[in-house]
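Here's the structure we're looking at; comments come further down.
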Amino acid sequence: MQVWKTINAAREAIRIGGASLRPLALVPTMGALHEGHLALVREARSRCAAVIVSVFVNPTQFSPGEDFSRYPRPFERDCELLEGESVFAVFAPDPGEIYDADAATIVRVAGLTDHLCGPFRPGHFDGVATIVTKLFNILSPDAAFFGEKDFQQLQVVRRVVRDLNLPIEIIPCPTVRDADGVALSSRNAYLTPPQRVQARSLSAALFSAKDRITRGESDVSALISDMRQKILDAGPAEIEYIEIVDPDTLKPVSRADRPVRIALAVRIGACRLIDNVPAP
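Now the structure itself:
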């Protein structure tokens with residue numbers, strides 16, 4: 000498995016590999032890999048000739064006061080996991096390799112970022128759209144794989160590819176969950192054991208609402224109220240949002256009488272958790 004630290008090294012290796020690497024897959028990550036990331040890698044391996052995994056804790060997608068400095072960075076462990084998955088290469092640049100000190104260009108997706116996490120994480124999706132565009136430009140993949148757990152991110156990336164006419168297929172992959180339903184996340188490491196138990200309430204609330212919609216309930220206010228109560232009954236939590244939205248526009252719907260996405264963001268202790276499910 001190759002490890003590239005510079006843009007020039009990545010581009011040269013891809014040039015030398017030529018047609019033998021095509022179709023070429025990219026799995027963008029911030030490291031601290033878990034089974035959810037590895038599921039993306041395996042899906043990429045099943046579809047493409049070679050897989051590149053980027054490991055880059057992107058400073059521009061952290062809002063002021065967030066956890067950039069303490070975000071876990073177990074790079075050697077990550078590389079061991081990826082080598083075991085037969086990954087072709089890891090692209091792991093330093094921030095200075097990606098962003099010049101006087102960088103002045105930002106990729107911004109309007110509309111989709113006005114809802115859900117957008118208002119709570121100012122600048123976050125600008126950082127996501129910009130780094131993804133850079134990675135696509137540097138690595139020239141044929142396909143890129145993203146988990147549905149970060150559904151808003153997935154939709155933002157899809158819009159970037161569509162609006163900028165990038166020749167890349169965006170392939171969504173289902174959220175991977177622990178046996179108790181909690182969505183896998185690198186930030187779950189911030190949870191204490193009691194908080195980890197409490198976190199089950201998020202997926203439980205989501206799947207309860209999904210079941211009610213499947214059975215014909217469409218009153219969004221009642222569904223959200225019930226979800227909120229389930230989460231707060233489980234323990235102290237700060238609910239940033241619980242929304243039922245159109246899956247394409249991410250705008251809240253007034254009735255759940257058509258395909259929707261149920262999404263939430265909740266802080267338990269020092270950990271901000273997001274999750275979502277489709278319904279019906």
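Residue 170 in numbering that gives the first Met the number 0 is what sits at position 171 of the sequence shown, and the numbering runs on without skipping anything.
Glycine included, C-beta positions come from ideal geometry on N, C-alpha and C.
Inter-residue Cα distance where the pair is residue 78 and residue 89:
8 angstroms
Residue from 162, 121 and 211 whose Cα sits closest to the Cα of residue 60:
121
Beta strand (DSSP E) runs contained entirely in the stretch 82-118, provided each spans 3 or more residues
88-90
How would you call residue 220, buried or exposed, if buried means at least 16 neighbouring beta carbons within 10 angstroms?
exposed
Go through its chain and collect everything with a Cβ distance to residue 232's Cβ below 8 angstroms, but skip five positions before and after it.
200
Cβ neighbours of residue 204 in the same chain (closer than 7 angstroms, five flanking residues each side left out)
226, 229 and 230
Between the Cα of residue 42 and those of 26, 53 and 264, spot the shortest distance and give me the residue it belongs to.
26
The beta strand (DSSP E) that contains residue 152, what's its start and end?
First-last for residue 152: 150-162, but that is the alpha helix (DSSP H), not the beta strand (DSSP E).
Quick one: what does DSSP say residue 144 is sitting in, helix, strand or coil?
strand
Contiguous beta strand (DSSP E) assignments of at least 3 residues, all confined to the stretch 162-213:
168-172
Residue burial classification, residue 167 (beta-carbon count within 10 angstroms, cutoff 16):
buried
Out of curiosity, what's the CA-to-CA distance linking residue 173 and residue 147?
5 angstroms
Using a Cβ cut-off of 9 angstroms (strictly closer), state whether residue 84 contacts chain D.
Protein chains in the displayed structure number just one, and chain D is not present.
Whose C-beta lies closer than 6 angstroms to the C-beta of residue 82 among residues of the same chain, with five residues either side of it excluded?
0
Which residues in the same chain as residue 245 place their Cβ atom closer than 6 angstroms to its Cβ, once the five residues preceding and following it in sequence are excluded?
252
Decide yes or no for the touch test of the stretch 14-25 against the stretch 47-61: beta carbon pairs closer than 8 angstroms, at least 3 of them.
yes
Touching or not, the stretch 26-36 and the stretch 58-77, by the rule of three or more beta carbon pairs under 8 angstroms?
yes
Quick one, which of 263, 193 and 215 has its alpha-carbon nearest residue 224's?
263
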